[in-house]
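Here the structure comes first, spelled out in structure tokens, and everything after it is commentary.
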């Protein structure tokens, strides 16, 4: 009897343990849902680090150097002589490269697209498509013009005179719009319209194999010249300009002062090569989105936003950060369901991108924000209770999308703010494309009253000598009413 009672007691205890284990909440890094697969690789906060990667592909860099040299056959790639940088691109060489790399058909005799052809492309759209282009153009223009008005010429009083700054646009802007897997007329509007709003008098657009919708966007945006070339050859043409050529009926294309817009690895490599000779917006890497979601988020919407980013490219990255294990599980189920509904090639692209995407379970919202700030994502969505409060605490990102209804794709297609944004953690120190990329803020000073400027003169003399720059000190002494410049003393002593 004693033995039986012990057996029953042990069985009862085991049953209690099983019941208690069943009732316990799941561990923080496990999933309580019965999803058939995990689309977003689970990671702990400790496993997440910002990976600073060089956005310039070494092989693409070598190839881009060769293309830039071929575009300007009169220059040598083996010299650092800056005088060679003034050489424009050879139009025949450009035509040869463009045909060889598939930018234009072999039978074409020009790399330029006329304004008439762009107008025809716009007229060939349906009424609804034309209206959407016009609507997006107006919203992007309105936002960019408001940015332009936010910075103005100014001046202040200084001892004996005035000092200030002027704000003026660069002369010529170069804009790149990808034409590869998907045509991106939205990039045409985001770049060209912004350059126009900044006040640039001349805007060049380059896009390989431009689709009719791309040409229609060029018409709406007001590009002065459209080049149907891409890759490194497009960046080279905009950086150095193109000589006129009567033989192929090509007018001169001026060198651009700044080049902006997203592109493939050859575009990025070429931008790194011309940077310094002209300005660039950024060296962009793979696109990325990070969504901070709590228990109030809609898993279906979160999944849709992650997939929208993943379909950009096989190297794109979608990240989900949440305090709720169940929400991550639900999103995984939705991602699997929705991605399988995509057409090809979108489905294959998104699935490949999802293999490098991940989710992070955090203990609280503070840790979610810390994870986001560490990664500084290109796009940051906040889908939480009190989303504005959470957004106000986030510090590092390219573009911020607050609340369930502020979809990142609305930013892609012209809510107003620019969709060309910093990637790869660079949002820690820079922002996205704006009118400021096309503006020069230049300072000036003027002295009207020599007597009132004497304290400033004496400070300059003293500081120059503390820095060991005697020539600076003597140049300041030449403006003094009380000090004899040292060079005069030296001359008197020699006499």
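In my numbering, the protein residues as written are 1006 to 1500.
Glycine is no exception: its CB is placed at the ideal position from the N, C-alpha and C atoms.
Given the structure is predicted, the values throughout are model-derived calculations rather than measurements.
Check                                                                                                                                                                             : Outcome
Name the DSSP bridge partner or partners of residue 1280?                                                                                                                         : 1283
Evaluate contact between the region 1166-1175 and the region 1224-1244, counting only Cβ atoms and requiring at least three cross-stretch pairs below 8 Å.                        : no
Indicate whether residue 1315 and residue 1307 have their beta-carbon atoms separated by less than 8 Å.                                                                           : no
Can you check the region 1209-1253 for any alpha helix (DSSP H) of at least 4 residues that lies completely inside it and give the ranges in chain order?                         : 1217-1226, 1236-1245
In angstroms with no decimal places, state the Cα-to-Cα distance between residue 1488 and residue 1162.                                                                           : 25 Å
Tell me whether residue 1262 is buried or exposed, calling it buried when 16 or more other Cβ atoms sit within 10 Å of its Cβ.                                                    : buried
Assuming residue 1156 contacts residue 1145 (C-beta within less than 8 Å), just tell me the rounded distance between them.                                                        : Not confirmed; about 18 Å, so no contact.
Taking its Cβ as the centre, do 16 or more other Cβ atoms sit within 10 Å of residue 1337, making it buried, or is it exposed?                                                    : buried
Let me check understanding here. Comparing Cα to Cα, which of 1193, 1385, 1241 lies closest to residue 1077?                                                                      : 1241
Give a yes or no on whether the minimum CB-CB distance between residue 1331 and chain B is below 8 Å.                                                                             : No chain B appears in the structure shown, which is made up of a single protein chain.
Do residue 1323 and residue 1375 have their C-beta atoms closer together than 8 Å?                                                                                                : no
Find out if the Cβ-Cβ distance for the pair residue 1196, residue 1287 is shorter than 8 Å.                                                                                       : no
For residue 1327, tell me which candidate among 1300, 1341, 1129 has the shortest Cα-Cα distance.                                                                                 : 1300
Would you tell me roughly how many angstroms separate the C-alpha atoms of residue 1039 and residue 1361, rounded to the nearest one?                                             : Any reading at residue 1039 must be qualified, since the residue scores a pLDDT of 43, below 50, and its modelled position is unreliable; the value itself is stated next. Cα to Cα, the separation comes out at about 22 Å.
Drop a sphere of 10 angstroms on the beta-carbon of residue 1451, count the other beta-carbons inside from all chains shown, and report buried for 16 or more, exposed for fewer. : exposed
Could you name the residues that DSSP lists as bridge partners for residue 966?                                                                                                   : No information on residue 966 is available, as it lies outside the stretch 1006 to 1500 that the chain covers here.
CB-CB under 8 Å to residue 1124, same chain, minus the five flanking residues each way: which ones, in chain order?                                                               : 1224
For residue 1201, collect the residues of the same chain with a Cβ closer than 6 Å to its Cβ; drop the 5 residues on either side in sequence, then sort them by chain order.      : 1227
Determine which residues share a DSSP beta bridge with residue 1176 and list them.                                                                                                : DSSP, once it has assigned bridges, lists no residue as partnering residue 1176.
Between which residues of its own chain and residue 1110 is the CB-CB distance below 8 Å, once the five residues before and five after are set aside?                             : 1104
With residue 1162 as the anchor, note down where its beta strand (DSSP E) starts and where it stops.                                                                              : 1159-1163
What is the residue span of the beta strand (DSSP E) that residue 1063 lies within?                                                                                               : No beta strand (DSSP E) holds residue 1063; the alpha helix (DSSP H) holding it covers 1063-1076.
Do residue 1184 and residue 1235 have their C-beta atoms within less than 8 Å of each other?                                                                                      : yes
Just the C-alpha distance for residue 1213 and residue 1411, rounded to the nearest angstrom, thanks.                                                                             : 32 Å
Within the same chain, show all residues whose beta-carbon is closer than 8 Å to that of residue 1454, passing over the 5 residues directly before and after it, in chain order.  : 1165, 1166
Taking the DSSP output, what are the residues bridged to residue 1444?                                                                                                            : 1174
Could you tell me the distance, in whole angstroms, from the CA atom of residue 1062 to the CA atom of residue 1237?                                                              : 13 Å
How many Å lie between residue 1089 and residue 1490 at the Cα?                                                                                                                   : Note that residue 1089 scores a pLDDT of 39, beneath 50, so its modelled location is shaky; the value from the coordinates is reported in the next line. The straight-line gap from Cα to Cα measures roughly 42 Å.
What does a CB cutoff of less than 6 Å around residue 1398 pick up in its chain, not counting 5 residues either side in sequence?                                                 : 1374
Considering just the uninterrupted stretch of the alpha helix (DSSP H) at residue 1416, what are its terminal residues?                                                           : 1413-1417
Measuring alpha carbon to alpha carbon, tell me which residue in 1179, 1404, 1216 is nearest residue 1279.                                                                        : 1179
Where does the unbroken beta strand (DSSP E) through residue 1384 begin, and where does it stop?                                                                                  : 1384-1388
Given that a residue counts as buried once 16 or more other Cβ atoms are within 10 Å of its Cβ, and exposed if not, what is residue 1345?                                         : exposed
Can you find the residues in the same chain that come closer than 6 Å, C-beta to C-beta, to residue 1130, ignoring five residues on each side of it along the sequence?           : 1221
Measure the CB-CB distance between residue 1293 and residue 1350 and report whether it falls below 8 Å.                                                                           : no
Take the Cβ of residue 1159 as the centre, count every other Cβ of all protein chains shown within 10 Å, and call the residue buried at 16 or more, exposed below.                : exposed
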